[in-house]
Amino acid sequence: MGKLARKVAIVGAGMSKFGVHYPKKRNPDLWVDAWLDAVQKTDNGIGPKDVDACYVGNFTSDLFNHQGHLGPQIADLVGLCPKPASRFEGACASSGIALRQAILAIASGAHDVIAVAGVECMTEQPTVKVTDALAAASDALFEYPAGATFPGLYATVASAHFKEFGTTEEDLMRVAIKNHENGVENPYAQMQKSIKQLMESKKKKCAERGMDVPDWKDEFDFLKSSSNMMIAYPLRLFDCSLVTDGAACLFLAAEDVAKKYTDTPVWIEGTGQGSAALSLHDRDILTTFTATKEAAKQAYQMAGLGPKDIQIAEVHDCFTIAEILAMEDLGFYEKGKATEAIRNGDSKRDGSLPINTSGGLKAKGHPVGATGAAHAVEIFKQLRGIAERNRQVKEKPEIALTHNLGGSGGTCVVNIYRV
Amino acid sequence: MSEVKKPFTIESYLENIQNKKLTGTKCKDCGEMYVPIRKLCKKCSSTNMEWIEMSGEGKLAAFTSITVGTPLFVERGYGRNKPYCFSVVTLKEGPMISGQLVGVDESKPETIKIGMSVKATFLESESNGKTRVDLGFEPI
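Top line first, the protein sequences correspond to chains A and B. At position 225 of the first sequence the residue is numbered 225 (the numbering used here), and the sequence of numbers has no breaks. At position 61 of the second sequence the residue is numbered 480 (the numbering used here), and the sequence of numbers has no breaks.
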């Protein structure tokens, strides 16, 4: 694995508020919000004249909004035309790919500054259609006709992980509880409520309506109850990420010009991308995402770092089981040992390796094509010590990793950052 | 086999499923087997393939019981009160394949055991006035 021909840094990063915004806000509105937020977070300011190209990550505005050809639309909204604008697609890893391609384009010398966009407006469609559009990221020929849904594919992976390593539903619940607690501290998150708060408000509602008040004694009781509907065994509603409208924006700059925009750039130390067969049945193993392993291997090698060096990570928790696989496949823990680390609280904000301080896809939300760029927004904040509310990790981390997974593990992008 | 002259395409594989036969291809150079079929061996890049008929027997590798299904399965009456199982099966010959798992208690997924022996079954349904056949599995 080679090194980048020249260094690349994130000099500004921002995002729209994630949530259910349609029709009050659509893709163009969300993107402009994200751009303005990123401009505001670029210390010395930045404008369209500084930017050489616009790389857009989006999964399927075609199916969600009947809009293809996003590149020029997104570029024009912020005054970037006639500069080159392109869209990248890799399901939920779309803006992870856009970010990686921007890094490579700057390193090549072709461009000095690129604006990376991640955009997705999902709630224009009813849930059934959203689910069906997402299913287009899985194998349409053989998995889909056999009844596979997206949660269903991750549930299938979970069943194999349960069997092989003794992982339990409680382990999954711990991931959801932690990520919701982090979401409370993120003003940009879609769900800024802990599971305990959600449980208490449900009890209160029952009392107000004169119904029997459930006797849940803790979050686990609540999560095991019928209030947490089964979606695809063993995954329930609270194991799934949210359906979200949102956008994120990153300004990337070459080492030659980065200091013009900020005194504290967040440097890209390594980047990697891996692929795996689209269908689960075409893979050699069900309990490991080999695309993650490959992307991580490349990124670690380029950075000259290993999993032990990572101090904070944003990983792709589209379902709770995915966070557990990521912790293992990224090499943070041995296979089958991530659940032990979760039980110890290692992945909490004050743990030895905080994971998903943003609230993750679980609580911050998952506008699929925007997620990879939004991962980098959180890392940009944590490494510069500017994470909002009570979410900033205490001893400010210096080395971070993002993990962006597409589909049921077919595509993965891993980036490593240092401040 | 009668499939011997069929082109190595998805359509040929699906036609065989319609005729209730689970087929694959085998690389004559390295012996790798593929279900669904492939024309190009991804292990050794050979195109020297032959059709094989699979026994249809295998073991349950992973599964889920789905309560919020795809539109096609919702149309068939599955849902919250009638979940269905999606499964991945490791065939006796080696390859894995996906299929609906039937003949199990979908509403008690904890009773369904990974590793159990299953065999192929061909599931008929009506779609746009035509009979459609899908690959499924059932416990032996």
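Cβ coordinates follow ideal geometry from the N, Cα and C atoms, glycine included. Just so it is clear, the structure is predicted and the values come from calculations on it, not from any experiment.
Practice task
Put Trp216(A) into one of helix, strand or coil per three-state DSSP.
Solution key: coil
Handout entry: Proximal residues of chain A, C-beta to C-beta of Ala480(B) below 8 angstroms
Key = Ala160, Leu286
Problem - Leu141(A): contacting residues in chain D (beta-carbon distance under 8 angstroms) - result: Note that chain D does not occur in the displayed structure, where the protein chains are A and B.
Practice task
Please decide whether Val554(B) counts as near chain A, where near means a Cβ-Cβ distance under 9 angstroms.
Solution key: One point to set straight first is that residue 554(B) is Leu, not Val, in the sequence displayed. Cβ-Cβ to chain A under 9 angstroms: yes for Leu554(B).
Exercise for the section: Please look up how many angstroms separate the CB atoms of Cys121(A) and Asp245(A), rounded, as I've assumed it's under 8 angstroms. Expected result: 5 angstroms
Handout entry: Helix, strand or coil at Ser526(B) [DSSP, three-state]
Key = coil
Handout entry: Nonlocal neighbours in the same chain, by C-beta distance under 7 angstroms from Tyr22(A), ignoring five residues either side
Key = Cys121, Thr123, Glu124, Asp245
Exercise for the section: May I ask you to verify whether the region 83-93 of chain A touches the region 247-264 of chain A, counting CB pairs closer than 8 angstroms and requiring at least 3? Expected result: no
Practice task
Using the Cα positions of Leu465(A) and Leu280(A), report the straight-line distance between them to the nearest angstrom.
Solution key: Since the first residue shown for chain A is 1 and the last is 419, residue 465(A) is missing from the structure and cannot be characterised.
Problem - Proximity winner among Gly152(A), Ala295(A), Ala117(A), relative to Gly372(A) (alpha-carbon distances) - result: Ala117(A)
Handout entry: Burial state of Arg343(A), where buried means 16 or more other Cβ atoms lie within 10 Å
Key = exposed
Problem - As assigned by DSSP and simplified to three states, the class of Thr131(A) - result: helix
Handout entry: 9 angstroms Cβ cutoff, Phe541(B) in contact with chain A
Key = no
Exercise for the section: Within the same chain, show all residues whose beta-carbon is closer than 8 angstroms to that of Asp317(A), passing over the 5 residues directly before and after it, in chain order. Expected result: Val175, Asn179, Ser241, Glu323, Ala326, Asn356, Gly360, Leu361, Lys362
Practice task
Anything in chain B within Cβ reach of Pro145(A), meaning under 8 angstroms, just list it in chain order.
Solution key: Leu491, Asp553
Practice task
Please list the residues of the region 512-524 of chain B that have a C-beta atom closer than 7 angstroms to any C-beta atom in chain A, keeping them in chain order.
Solution key: Met515, Ile516, Ser517, Gly518, Gln519
Practice task
Using a Cβ cut-off of 9 angstroms (strictly closer), state whether Val128(A) contacts chain B.
Solution key: yes
Exercise for the section: Note down, in chain order, every chain B residue with its Cβ under 9 angstroms from the Cβ of Asp132(A). Expected result: Thr489, Pro490
Exercise for the section: Let me know if Asn500(B) comes out buried or exposed under the rule of 16 or more other beta-carbons within 10 Å of its beta-carbon. Expected result: exposed
Practice task
Using a cut-off of 7 angstroms between C-beta atoms, extract the partners of Ile231(A) located in chain B.
Solution key: Thr486, Val487
Exercise for the section: Kindly indicate which three-state DSSP category Ser94(A) falls into: helix, strand or coil? Expected result: helix
Handout entry: When Trp470(B), Leu479(B), Cys446(B), Cys449(B) are compared against Pro426(B), the one with the closest alpha-carbon
Key = Trp470(B)
Practice task
Evaluate Gln40(A) with the Cβ neighbour count: other Cβ atoms within 10 Å of its Cβ, from every protein chain shown; 16 or more gives buried, anything less gives exposed.
Solution key: exposed
Practice task
Could you name the residues of the region 433-460 of chain B whose beta carbon sits closer than 7 angstroms to any beta carbon of chain A, in the order they occur along the chain?
Solution key: Pro455
Exercise for the section: Please confirm if Pro558(B) has its CB atom under 9 angstroms from at least one CB of chain A. Expected result: no
Handout entry: Residue-level contact to chain B via CB, Lys163(A), 9 angstroms cutoff
Key = yes
Handout entry: C-alpha gap between Gly57(A) and Lys462(B), whole angstroms
Key = 32 angstroms
Problem - C-beta atoms of Ala133(A) and Thr60(A) nearer than 9 angstroms - result: yes
Exercise for the section: Kindly list, in the order they appear in chain A, the residues whose Cβ is closer than 7 angstroms to that of Ser483(B). Expected result: Per the sequence shown, the amino acid found at residue 483(B) is Thr instead of Ser. Within 7 angstroms Cβ-Cβ: Gly152, Ala155, Thr156, Ser159, Ala232, Tyr233.
Exercise for the section: Report yes if the C-beta distance between Lys25(A) and Tyr188(A) is below 9 angstroms; otherwise report no. Expected result: no
Handout entry: Within chain B, partners of Thr149(A) - CB distance below 7 angstroms
Key = Ile485, Val487, Gly488, Thr489
Problem - chain B within 9 angstroms of Asp282(A), Cβ atoms only - result: yes
Practice task
Would you verify that the beta carbon of Ile533(B) is, or is not, closer than 9 angstroms to some beta carbon of chain A?
Solution key: yes
Practice task
Using a cut-off of 8 angstroms between C-beta atoms, extract the partners of Ala135(A) located in chain B.
Solution key: Thr489
Problem - Interface flag, Pro528(B) vs chain A, CB-CB below 9 angstroms - result: yes
Practice task
Quick one: residues in its chain with C-beta nearer than 7 angstroms to the C-beta of Cys81(A), no 5 flanking neighbours on either side, listed in chain order?
Solution key: Pro72, Ala75
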